[in-house]
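Let me begin by presenting the structure, written as structure tokens, before commenting on it.
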Amino acid sequence: MKVVIDTNILVSAILKGRLPRTVIQFVIESNKIEWIVSEAILTEYKDVVSRPKFKLSEGLIREWYRIFDTVPRLIDVHSTVDFPRD
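UniProt numbering applies: residue 1 is where the sequence shown begins, and numbers increase by one.
Shown next as structure tokens:
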């Protein structure tokens, strides 16, 4: 199974722990679940965890960057969706 982890879940896992952290840990350790990201999602993850308002230590930010760079599989996204305006 392939999953994309919402950035809000990541932030909750980093800041609050408990269930969101358990979910992230489960995905990382599972051999049946593949965490996938696009370049845009990866950039968003890194941007969000680096925001000063979260007051994360440099060490914690580096740890999450390492996870982002090694655990999820980076995929190419070639399609665009054109939504008609109302």
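All residues carry an ideal CB built from backbone N, CA and C; glycine is no exception. Keep in mind the model is a prediction, meaning the values are calculated, not measured.
| Query | Result |
| --- | --- |
| Those residues which DSSP pairs with Arg62 across a bridge | Note: Arg62 sits in no beta bridge, so no partner. |
| First through last residue of the alpha helix (DSSP H) which encompasses Val11 | 7-15 |
| Cβ neighbours of Ser38 in the same chain (closer than 8 angstroms, five flanking residues each side left out) | Leu74, Ile75, Asp76, Val77 |
| Segment limits, alpha helix (DSSP H) that includes Ile36 | From DSSP, Ile36 is part of no alpha helix (DSSP H) but of the beta strand (DSSP E) over 34-37. |
| Which residues DSSP lists as bridging Leu74, in chain order | Val37 |
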